Amino acid sequence: MTQDQKHEALQPIHPSMKGKLDPVFEKLYNDNVANTPLKPIDLSVLRSKYSVLYSYGTGPAPDVARQYDTHITTHEGIDLNVRVYEPSTTGPWPVHIDYHGGGWGLGDLDTESHICKHICNLAGVAVIDVAYRLVPENAFPCGVTDSFAALKYIYEKGAERFNIDPTSISVGGVSAGGFISLALGHMARDAGIPLKLIAVGTPVIDDLSQYSSASESPFPSMQENEHAPTLNWGRLAWFDKLKWSSLGSTPEQIAEKRQQVPEIFANLFKAKDFTNLPKTVIYTAGADPLRDEGEAYGMKLIEHGNEVTIKRFPGVPHPFMHMDKDLRQAKDFRIQTAAAIRPPLSFGKLARVQYLIGPFPLQIANPQPPHASSASNCPSQVNQAERPSPRLMRDEHGVLRSTKIVGSLIVATAEGFACSARGLLKGRDGGGLKTGIMKYANLELNLESNLDVSIADLLCQMSSASAFDAPVIDEAAPTQEPYWSLSPDTAWLDMLPKTPPANSSSPVSMKDTSLSLYTPSLVPDMTSPHDKALLNHYSTIVASVLSRRTNTASNPYVGYIIPMAMSNQLILHCVLALSATHWQRLQPCMRDRALFHQGQATQSLARLLPHVDARSVDIALASCLLLCMTELFDGTSQGWKLHLQGAKRLLSTLKFQHGDMLTGHFKFSVKLARFLDSAATTSTCKPPLIDNETVTTSLELAEDVNGEDTAVYGIPKELFHLVDRINNLAS
């Protein structure tokens with residue numbers, strides 16, 4: 066039996082995949098697939114079994130209010146079968162159009178039926194699943210052109226035919242369906258069809274036919290996962306040959322017809338214009354050969370100023386979303402996809418990051434909406450008496466999502482979520498949700514299957530993806546560590562504290578309306594999408610790492626630093642430099658941005674220092690400390706010493722300004738300077754740079770400042786490479 070005749074996906078797990086797969090998936094695969102005999106490929110047999118290929122891992126999906134099959138006739142006169150899923154609410158509904166996967170030659174309306182049901186129920190939208198024509202009976206790119214024709218039909222006639230809102234259309238799909246959806250983003254933009262969102266899972270992006278082996282691909286995941294279970298290089302090559310064979314019976318015919326296929330239909334990287342595309346969510350899988358090309362496409366969109374969320378689910382293969390009965394990654398996929406699709410509520414806007422490391426107790430007592438509009442905008446659509454009390458489960462991986470916020474201050478994701486959710490969480494016993502295991506400032510729910518509907522409905526309402534100004538990318542989980550590890554490498558995200566804050570007071574007055582809504586686009590000179598992304602990264606990740614304050618409204622790195630950055634270019638450059646230096650650990654391309662902002666900040670500070678007075682000493686001190694932390698994050702020089710010495714001189718100046726220096730951000734700066742110096746002293750075994758007299762005098766102003774030490778001392782000692790220092794000394 067030749068290699069081409071084998072069913073490439075059905076075989077024992079290859080030795081090269083050892084340590085790359087979630088043990089839950091390994092057991093699922095070994096119990097159901099690994100020992101299946103290899104058989105010759107028969108397309109008709111594959112098609113007949115494709116929709117149940119992963120049934121061993123697919124959990125039951127709740128019924129929707131109404132489901133029916135029908136067909137649409139495109140402008141070209143082609144009849145396409147569709148399946149419509151309607152929610153229980155009264156229309157017209159927002160609509161999500163699904164395009165199934167299957168390598169262009171497999172799949173039907175049953176393939177992603179369970180996903181469509183979950184989206185309909187959890188997102189509260191109508192879902193229309195489209196059965197585009199398949200290859201090789203129909204010439205490629207029939208799947209793309211049919212899908213666009215269906216989109217046009219639904220946009221033009223869907224209001225009358227399906228009771229949907231044509232101004233609120235999202236599209237999505239898995240694998241080949243992901244390619245289709247992303248291609249439709251370009252086509253819809255050019256045709257003037259507004260799309261609210263594109264949400265895809267494990268999409269194919271590149272033209273595989275240009276490579277004769279996995280080693281020729283420029284994407285490392287193609288080599289790393291060449292022998293991945295369920296989808297490997299051999300199966301990808303088989304599907305690719307099937308796709309192009311639809312153009313003719315001879316190599317000459319195929320080559321001739323390929324010249325007529327627009328480049329974008331063969332390779333999304335070949336699109337001519339990447340600007341002004343719809344908001345996009347891309348989910349990838351760690352053990353998928355297609356992983357890196359999907360993430361690279363997302364970064365391409367970010368580079369052109371588009372709003373993008375990228376999330377990788379480590380430890381699972383290409384079709385993991387079909388295995389939601391056992392894989393928590395699949396459950397997360399469906400809940401997060403529905404949350405992204407669900408129409409947003411009318412709150413403010415801010416891109417947020419959620420990273421769970423729990424356990425952490427959450428208490429919401431005497432639920433009261435924090436804003437007059439939040440109560441009216443958050444009606445409960447479920448009968449709480451019929452729902453079991455939620456039990457929030459632990460999660461350890463990273464999530465990036467943009468979410469709505471409410472409240473009178475800058476509010477982090479969980480803060481906004483928890484505050485907004487109060488109107489929905491009342492009532493099982495009149496007292497609200499008492500406890501749950503979660504990270505307060507990083508709220509995300511990973512639920513047991515019997516609780517999905519009750520809490521996921523809440524999650525989708527309050528944590529739906531919404532408009533924000535900064536693209537974000539999630540690579541929170543260290544790729545060198547197993548996703549399921551309970552003792553991962555001490556990377557920066559794992560340094561988030563696991564104990565509740567000693568004090569949750571806000572560093573700013575509740576009457577201070579200057580922080581009522583933080584919108585990155587309003588920051589002066591924030592015309593660069595890169596800088597918007599950096600400011601978003603600082604406010605969501607960096608600020609959380611630096612402080613124990615899990616309530617972002619009381620996090621001084623947000624409450625004090627962000628307002629200063631919004632009003633002062635020097636502080637803004639310092640913040641962006643710190644953010645870029647932190648981010649470059651995961652995205653080396655941020656290095657140039659970090660150096661640019663660090664250079665701008667250093668030059669501006671040098672110009673300011675000869676003229677420091679009572680009006681500018683706070684800016685100078687904050688700049689020194691931020692640049693000190695930037696050098697510490699970078700870890701390649703001793704430049705932090707220079708900035709601490711500058712802070713010492715500024716602190717000496719403060720001794721003569723007692724009467725003017727009693728505001729919170731000065732006290733915070735003094736505490737921060739002391740902590741940076743003491744931590745650096747500990748790690749370098751060198752005397753402190755700031756003498757005791759300076760510290761003692763300055764700290765007389767800062768004693769008993771509402772637990773300010775708690776806010777400052779969240780800075781992980783790993784910033785100072787303490788472990789490396791100790792190891793070097795020991796050796």
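Using this note's numbering, read the sequence shown as starting at 66 and increasing by one per residue.
Backbone N, C-alpha and C define an ideal beta-carbon position, used for all residues, glycine too.
Given the structure is predicted, the values throughout are model-derived calculations rather than measurements.
Between isoleucine 319 and leucine 312, what straight-line distance do the alpha-carbon atoms span, to the nearest angstrom?
-> Translated into the one-based positions of the sequence shown, residue 319 becomes position 254. Translated into the one-based positions of the sequence shown, residue 312 becomes position 247. The alpha-carbon atoms of isoleucine 319 and leucine 312 are separated by roughly 5 Å.
Determine the burial state of proline 621: buried for a count of at least 16 other Cβ atoms within 10 Å of its Cβ, exposed for fewer.
-> What you label residue 621 is simply residue 556 of the sequence shown in a count that begins at 1. It counts as buried.
Residues bridged to threonine 135 (per DSSP) | Position 70 of the sequence shown holds residue 135. Answer is Val147, bridged to threonine 135.
From the DSSP output, read off the bridge partner residues of glycine 266.
-> Here residue 266 is taken as the residue at index 201 of the sequence shown, counted from 1. Its beta-bridge partners are Val239 and Tyr348.
Which stretch, first to last residue, makes up the alpha helix (DSSP H) that contains phenylalanine 284?
-> Walking along the sequence shown from the start, residue 284 turns up at place 219. It is not in any alpha helix (DSSP H) - phenylalanine 284 carries neither H nor E in the DSSP assignment.
Quick one: grab the DSSP three-state call for threonine 123.
-> Residue mapping note: residue 123 aligns to position 58 of the sequence shown, counting from 1. The answer is coil: DSSP assigns threonine 123 none of H, G, I, E or B.
List the endpoints of the continuous beta strand (DSSP E) containing alanine 338.
-> Walking along the sequence shown from the start, residue 338 turns up at place 273. Going by the sequence as given, residue 338 is aspartate instead of alanine. No beta strand (DSSP E) contains aspartate 338, which DSSP labels as neither H nor E.
Tyrosine 197, DSSP secondary structure in three states = Position 132 of the sequence shown, counting from 1, holds the residue named residue 197. Correct three-state label for tyrosine 197: coil.
When DSSP labels each residue in this structure, what does threonine 101 get in the three-state scheme?
-> Here the question's residue 101 lines up with position 36 in the sequence shown. If DSSP states are grouped into helix, strand and coil, threonine 101 belongs with coil.
Enclosing alpha helix (DSSP H) for valine 610 [first to last residue] | Against the sequence shown, residue 610 aligns to sequence position 545. Residues 608-611.
How many angstroms separate the CA atom of tyrosine 348 from the CA atom of arginine 377?
-> What you label residue 348 is simply residue 283 of the sequence shown in a count that begins at 1. What you label residue 377 is simply residue 312 of the sequence shown in a count that begins at 1. If I take the Cα positions, the gap works out to 6 Å.
Are there three or more Cβ pairs, one per stretch, closer than 8 Å when the region 654-669 is compared with the region 685-694?
-> yes
So what's valine 190 in DSSP terms, helix, strand or just coil?
-> Counted from its first residue, the sequence shown places residue 190 at position 125. If DSSP states are grouped into helix, strand and coil, valine 190 belongs with coil.
Shortest alpha-carbon distance to isoleucine 137 belongs to which of Ile78, Ala215 and Ile106?
-> For the purposes of this step, residue 137 is identified with residue 72 of the sequence shown, where counting begins at 1. The shortest C-alpha separation from isoleucine 137 is found at Ala215.
Sequence-distant residues of the same chain with beta carbon closer than 6 Å to proline 159, five excluded per side | Residue 159 sits at position 94 when you count from the first residue of the sequence shown. So the list reads Val190, Asp230, Ser233 and Pro408, once near-sequence residues are dropped.
Report buried or exposed for glutamate 317, applying the criterion of at least 16 other Cβ atoms within 10 angstroms of its Cβ.
-> On the sequence shown, residue 317 is found 252 positions in, with the first residue counted as 1. Exposed, because fewer than 16 other Cβ atoms sit within 10 Å of the Cβ of glutamate 317.
What are the residues that DSSP puts in a beta bridge with tryptophan 158?
-> The residue labelled residue 158 in the question sits at position 93 within the sequence shown. Looking at the DSSP assignment, tryptophan 158 forms a beta bridge with Ile229.
Excluding the five sequence neighbours on either side, which residues of its own chain have a C-beta within less than 6 Å of the C-beta of valine 346, listed in chain order?
-> One-based indexing of the sequence shown puts residue 346 at position 281. For valine 346, where only same-chain residues beyond five positions count, the Cβ hits under 6 Å are Ala264, Thr374 and Ala405.
According to the neighbour-count rule (16 or more other Cβ atoms, all chains shown, within 10 Å of its Cβ), is threonine 101 buried or exposed?
-> Looking up residue 101 in the sequence shown gives position 36. Threonine 101 is exposed by the Cβ-count criterion.
Is it the case that the Cβ atoms of phenylalanine 61 and proline 206 are separated by a distance below 8 Å?
-> With the chain covering 66 to 796 only, the question about residue 61 has no answer from this structure.
Return yes when the Cβ of threonine 695 is within less than 8 Å of the Cβ of leucine 643, no when it is not.
-> The residue given as residue 643 occupies position 578 in the sequence shown. The residue given as residue 695 occupies position 630 in the sequence shown. Yes; because the gap between Cβ atoms is below 8 Å, this pair is in contact.
Beta-ladder partner(s) of isoleucine 234, from DSSP = On the sequence shown, residue 234 is found 169 positions in, with the first residue counted as 1. Isoleucine 234 is bridged to Val160.
Would proline 285 be called buried (16 or more neighbouring beta carbons within 10 Å of its own) or exposed?
-> Reading the sequence shown from its first residue, position 220 is the one you call residue 285. Per the 10 Å Cβ criterion, exposed.
Proximity to phenylalanine 661 [Cα-Cα], best of Glu360, Leu692 and Met631 = Sequence index remark: in the sequence shown, residue 661 carries index 596 (1-based). Considering only alpha carbons, the answer is Leu692.
Hey, tyrosine 220 and cysteine 181: beta-carbon distance below 8 Å or not?
-> For the purposes of this step, residue 220 is taken as residue 155 along the sequence shown, with counting starting at 1. For the purposes of this step, residue 181 is taken as residue 116 along the sequence shown, with counting starting at 1. No, the Cβ-Cβ distance between tyrosine 220 and cysteine 181 is not below 8 Å.
Straight-line gap, glutamate 177 to valine 269 (C-alpha atoms, nearest Å) = Within the sequence shown, numbered from 1, the residue matching residue 177 stands at position 112. Within the sequence shown, numbered from 1, the residue matching residue 269 stands at position 204. Going from the Cα of glutamate 177 to the Cα of valine 269 covers about 17 Å.
For the 8 Å Cβ check, are there 3 or more pairs between the region 161-169 and the region 236-255?
-> yes
Run the CB neighbour count on asparagine 341, radius 10 Å, all protein chains shown included, and call it buried at 16 or more, exposed below.
-> As a first step, residue 341 must be located in the sequence shown, where it is residue number 276. It counts as exposed.
How close, in whole Å, do the beta carbons of leucine 296 and proline 354 come, if the pair is a contact with beta carbons under 8 Å?
-> Within the sequence shown, the letter at position 231 stands for residue 296. Within the sequence shown, the letter at position 289 stands for residue 354. The pair is a contact, with the Cβ atoms about 7 Å apart (cut-off 8 Å).
Taking the continuous alpha helix (DSSP H) assigned at proline 621, which residues delimit it?
-> Here residue 621 is taken as the residue at index 556 of the sequence shown, counted from 1. Its alpha helix (DSSP H) spans residues 621-624.
Taking 7 Å as the line, does the beta carbon of leucine 670 fall inside it for any heavy atom of the ligand FMN?
-> Ligands in the displayed structure: none, and consequently the ligand FMN is not present.
Could you give the DSSP three-state label for leucine 174: helix, strand or coil?
-> Position 109 of the sequence shown, counted from the first residue, corresponds to residue 174. Residue state, collapsed to three classes: coil.
Continuous alpha helix (DSSP H) stretch holding tryptophan 805: start and end | Here the chain covers residues 66 to 796 and nothing more, so residue 805 does not appear.
Glycine 167 to valine 607 span [Cα, whole Å] = As a first step, residue 167 is located in the sequence shown; it is residue number 102 there, counting from the start. As a first step, residue 607 is located in the sequence shown; it is residue number 542 there, counting from the start. Cα-Cα distance, rounded: 40 Å.
Going by CA-CA distance only, name the one from Ser109, Pro157 and Met631 that's closest to leucine 199.
-> For the purposes of this step, residue 199 is identified with residue 134 of the sequence shown, where counting begins at 1. Cα-wise, what sits closest to leucine 199 is Ser109.
Do valine 98 and aspartate 391 have their C-beta atoms within less than 8 Å of each other?
-> Along the sequence shown, one-based indexing puts residue 98 at 33. Along the sequence shown, one-based indexing puts residue 391 at 326. No.
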